[in-house]
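*Asks:* Before I ask anything, let me first share the structure, which is written out below as structure tokens.
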Amino acid sequence: MNNDFKYIVIGAGIAGLHIGALLSQNGKVLILEKAKNIGGRARVVDIGGFKLDYGPHPVKFGSKSALGISLNEIGKPVDFIKPGGSWAFLENGKKTLFPTGGIMAVIKSDLVPTIKTLKFMIKVIKMKQNDFKQLYDLSLVEWFNRENIHPKLQRFLIMASSSMQVNPFPERSSAGELLHNIHRVLKKGSVFYPKRGWNSIFNSFSEKIHENKGEIRLDSEVKEIIVESSKVVGVKIDNEIIRADKIISTIPVQHLFTILDDKLCEKKFVEKCKNLRPTTGISIDFCLSKPISNLKGIIFFENPYAFGFIPSNLSPEVAPQGHSLMSFFTATDLDDIRNKDKMKEIHRNLRDAILQFFPNIENYLLHERPLFSEMVDGVEINIEQHQLKRPGNKIKNIKNLYITGDSVGGEGAGGDVGHESVRNTYKLIKDEEFVL
Ligand SMILES: Cc1cc2nc3c(=O)[nH]c(=O)nc-3n(C[C@H](O)[C@H](O)[C@H](O)COP(=O)(O)OP(=O)(O)OC[C@H]3O[C@@H](n4cnc5c(N)ncnc54)[C@H](O)[C@@H]3O)c2cc1C
């Protein structure tokens, strides 16, 4: 029997739209999304003409990222805007350059010891895959002690881990992963912001899917992935069964077994998926009636460890003319975000830290949105779940079922993992089809 669709993709978050657009070049795609809107954890909301990304959402490496490469490949590139110099706002009320902008930023910054930091960066640039791998299981604290790292450089690296890896906990943040991520930043550049915000990325992928006669169905929750004789044949939504040759799930793997019978998988794999620790955090967006700062770079805070930027200074289209949108984020511990009092305290501390440096926010505030996210990234990059220890894109014993998104194995951290894993999955599917 011929199926109506070659591929069914579960979820219309960034991973679902990304893989859907790539696969639509090879056959008919159906994307099923349980929510009423696309975007998942990167969805965009319009509040009085302010286009709010879901918390601060820069894209690491911009057009050189896995995401940027795919957008180019499908012929729908997005302009990525490079932020200006980054700043660190310190506990003592002072601000100094944050040394991500190359040698000059290191020399001018008070945050780090110059010579030691330059030597560190040269060493990291020269490191090879195998060097990083050997440090994946080592925490930052263990590595600091082993290498006798200068206290100021330690502080900078913890700030880097809390933004780059969304992991401010040096006792469990993976040193190998952090050094690997810093190596990639030194080679490819830091973060960028998509012109007009994340909607432009979603539009590019959605357009491609529709041009290739694919479909995106909203309000369509997959209730079950149907497997017959160790092979997926389709999915169930309400009482309807839709068949396809291949199924790609993009829902975080912690939730996979709400729609897949766990008895079909190895016990060890099921446990690993269910127990993956996500990153969690609190973000605050401020919609202002006028700009109060012309900073174009990323802003880092020391206490609490946090970062943010002013999207409307990079792409004015995300706010009504003459207005300003500011966005900040702090990573938290999973247990903290589940504790109401602790959560309130962290939110208050973050807000106070922002207002300490931007007191005018309250004078021009039209709207403020706090977000409390139990899952920011599907996986925390820590020593227990570095890239070699996370689930892969295929499930043993089930043919034609793939898992992708930001909770599986892939280079990088945060959104990066998702984009890399989508490209890995796409390559896997293409290679398998080529062999057939
Ligand atoms: C506050 C915040 C800030 C962030 N900052 C950044 C950043 O600066 N840079 C960055 O790159 N990344 C950032 N991230 C992470 C990034 O947003 C995520 O990595 C990314 O959105 C995950 O996309 P995904 O498609 O893998 O998963 P999701 O977005 O979770 O998509 C899965 C989709 O599947 C749908 N779904 C679930 N179950 C079913 C079902 N049974 N049937 C049908 N559909 C289903 C969901 O509704 C969802 O739309 C941030 C995240 C948050 C929350």
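Each number in this note's numbering corresponds to the 1-based position in the sequence shown with 72 added. No residue lacks a Cβ here, since even glycine has one placed at the ideal position from N, Cα and C.
Alpha carbon to alpha carbon, how far is T351 from V263? Give it in angstroms, no decimals.
*Replies:* Here residue 263 corresponds to residue number 191 of the sequence shown, with the count starting at 1. Here residue 351 corresponds to residue number 279 of the sequence shown, with the count starting at 1. The alpha-carbon atoms of V263 and T351 are separated by roughly 19 Å.
*Asks:* I370 and S158 look like a contact to me (Cβ under 8 Å); what is the Cβ gap, rounded to whole Å?
*Replies:* For the purposes of this step, residue 370 is identified with residue 298 of the sequence shown, where counting begins at 1. For the purposes of this step, residue 158 is identified with residue 86 of the sequence shown, where counting begins at 1. Between S158 and I370 the Cβ distance is about 4 Å, and since that is below 8 Å, they are a contact.
*Asks:* So D334 and V325 are supposed to be a Cβ contact under 8 Å. How far apart are they, rounded?
*Replies:* Here the question's residue 334 lines up with position 262 in the sequence shown. Here the question's residue 325 lines up with position 253 in the sequence shown. Actually they do not touch by this definition, with Cβ atoms about 12 Å apart.
*Asks:* Just curious, the alpha helix (DSSP H) that V390 is in, first and last residue?
*Replies:* One-based indexing of the sequence shown puts residue 390 at position 318. It is not in any alpha helix (DSSP H) - V390 carries neither H nor E in the DSSP assignment.
*Asks:* Would you kindly check if the distance between the Cβ of G156 and the Cβ of K318 is under 8 Å?
*Replies:* By 1-based counting over the sequence shown, the position of residue 318 is 246. By 1-based counting over the sequence shown, the position of residue 156 is 84. In this structure, G156 does not lie closer than 8 Å to K318 by Cβ.
*Asks:* Tell me, please, which residues DSSP counts as bridged to W159.
*Replies:* Locating residue 159 in the sequence shown gives position 87, counting from the first residue. L169 and I371.
*Asks:* For F506, count neighbouring Cβ atoms within 10 angstroms of its own Cβ and tell me buried if that reaches 16, exposed if not.
*Replies:* Looking up residue 506 in the sequence shown gives position 434. Exposed, by the Cβ-count rule.
*Asks:* Using 7 Å as the cut-off, classify the Cβ of A93 as near or not near the heavy atoms of ligand 1, replying yes or no.
*Replies:* Stepping through the sequence shown from its first residue, residue 93 is reached at position 21. Answer for A93: no, Cβ out of range of ligand 1.
*Asks:* Please go through the same chain and pick out, in chain order, the residues whose beta-carbon is closer than 8 Å to the beta-carbon of E434, but skip the five residues on each side of it.
*Replies:* Stepping through the sequence shown from its first residue, residue 434 is reached at position 362. Closer than 8 Å at the Cβ level, and outside the excluded window around E434, lie L427.
*Asks:* Leaving aside the five residues before and after G120 along the sequence, list all residues of the same chain whose C-beta is less than 8 Å from its C-beta, in chain order.
*Replies:* Taking the first residue of the sequence shown as 1, we reach residue 120 at position 48. Excluding positions up to five away in sequence, the list reads C359, P392, L438 and H439.
*Asks:* Identify which residue in M398, V150, G450 and D407 has its Cα closest to the Cα of P431.
*Replies:* For the purposes of this step, residue 431 is identified with residue 359 of the sequence shown, where counting begins at 1. For the residues M398, V150, G450 and D407, the minimum Cα distance to P431 belongs to M398.
*Asks:* What did DSSP end up calling T351 once you bin it into helix, strand or coil?
*Replies:* The count along the sequence shown starts at 1 and reaches residue 351 at position 279. Three-state DSSP puts T351 in coil, outside helix and strand.
*Asks:* Using DSSP with H/G/I as helix, E/B as strand and the rest coil, what is A316?
*Replies:* Position 244 of the sequence shown, counting from 1, holds the residue named residue 316. Note: A316 maps to strand in three-state DSSP.
*Asks:* Can you tell me whether DSSP reads H445 as helix, strand or coil?
*Replies:* As a first step, residue 445 must be located in the sequence shown, where it is residue number 373. First, the amino acid is wrong: residue 445 is Ser here, not His. Strand, per DSSP.
*Asks:* Measuring only the C-alpha atoms, how far is E300 from K308?
*Replies:* Position 228 of the sequence shown holds residue 300. Position 236 of the sequence shown holds residue 308. So the alpha carbons of these two residues sit roughly 13 Å apart.
*Asks:* What does C359 pair with, by DSSP beta-bridge criteria?
*Replies:* To locate residue 359, count along the sequence shown from 1; it is residue 287. Partner(s): L397 and H439.
*Asks:* Which same chain residues end up closer than 7 Å to S361 when comparing Cβ atoms and leaving out the 5 residues on each side of it in sequence?
*Replies:* Your numbering for residue 361 matches position 289 in the sequence shown. Around S361: H395, Y436 and L438.
*Asks:* Please find out if some non-hydrogen atom of ligand 1 comes closer than 7 Å to the beta-carbon of V117.
*Replies:* On the sequence shown, residue 117 is found 45 positions in, with the first residue counted as 1. Checking the Cβ of V117 against ligand 1 gives no.
*Asks:* Here's the rule I'm using: 16 or more other beta-carbon atoms within 10 Å means buried, otherwise exposed. How should G147 be labelled?
*Replies:* For the purposes of this step, residue 147 is taken as residue 75 along the sequence shown, with counting starting at 1. It counts as exposed.
*Asks:* Using DSSP with H/G/I as helix, E/B as strand and the rest coil, what is T186?
*Replies:* Translated into positions along the sequence shown, residue 186 becomes position 114. Here T186 sits in helix by DSSP.
*Asks:* Kindly indicate which residue of L386, G464 and V238 has the alpha-carbon position closest to the one of F372.
*Replies:* Taking the first residue of the sequence shown as 1, we reach residue 372 at position 300. Of L386, G464 and V238, the residue nearest in Cα terms is V238.
*Asks:* If the criterion is Cβ atoms closer than 8 Å, does the pair L354 and T404 meet it?
*Replies:* For the purposes of this step, residue 354 is identified with residue 282 of the sequence shown, where counting begins at 1. For the purposes of this step, residue 404 is identified with residue 332 of the sequence shown, where counting begins at 1. Inspection of the sequence shows that residue 354 is occupied by Ile rather than by Leu. Cβ atoms of I354 and T404: closer than 8 Å.
*Asks:* Can you list, in chain order, the residues of its chain with a C-beta nearer than 8 Å to that of M415? Leave out the 5 residues immediately preceding and following it.
*Replies:* In the sequence shown, the residue the question calls residue 415 occupies position 343. Excluding positions up to five away in sequence, the list reads I354, T404, D408, I409 and F444.
*Asks:* Can you check which of these residues, T172, D413, K195 and K154, is closest to A160 by C-alpha distance?
*Replies:* In the sequence shown, the residue the question calls residue 160 occupies position 88. Among T172, D413, K195 and K154, the Cα nearest to that of A160 belongs to T172.
*Asks:* Going by DSSP, which residues form a beta bridge with D203?
*Replies:* Here residue 203 refers to the residue found at position 131 of the sequence shown. Paired residues: none, contrary to the question.
*Asks:* Of all the options K195, A247, V131 and F241, which has the alpha carbon lying nearest to the alpha carbon of L207?
*Replies:* The residue you call residue 207 lines up with position 135 of the sequence shown. L207 has its Cα closest to that of A247, out of K195, A247, V131 and F241.
*Asks:* Cα separation between V494 and K132?
*Replies:* On the sequence shown, residue 494 is found 422 positions in, with the first residue counted as 1. On the sequence shown, residue 132 is found 60 positions in, with the first residue counted as 1. If you take the alpha carbons of V494 and K132, they lie about 15 Å apart.
*Asks:* Exposed or buried, N469, counting other C-beta atoms within 10 Å across all chains shown (16 or more means buried)?
*Replies:* For the purposes of this step, residue 469 is taken as the residue at position 397 of the sequence shown. So N469 ends up on the exposed side.
*Asks:* Out of F379, V305, N385 and F274, state which residue places its alpha-carbon closest to the alpha-carbon of I364.
*Replies:* Working through the sequence shown from its first residue, we reach residue 364 at position 292. Comparing Cα-Cα distances from I364 to each of F379, V305, N385 and F274, the minimum goes to N385.
*Asks:* For A316, verify whether its CB is less than 7 Å away from any heavy atom of ligand 1.
*Replies:* Taking the first residue of the sequence shown as 1, we reach residue 316 at position 244. Flag unset: Cβ of A316 not near ligand 1.
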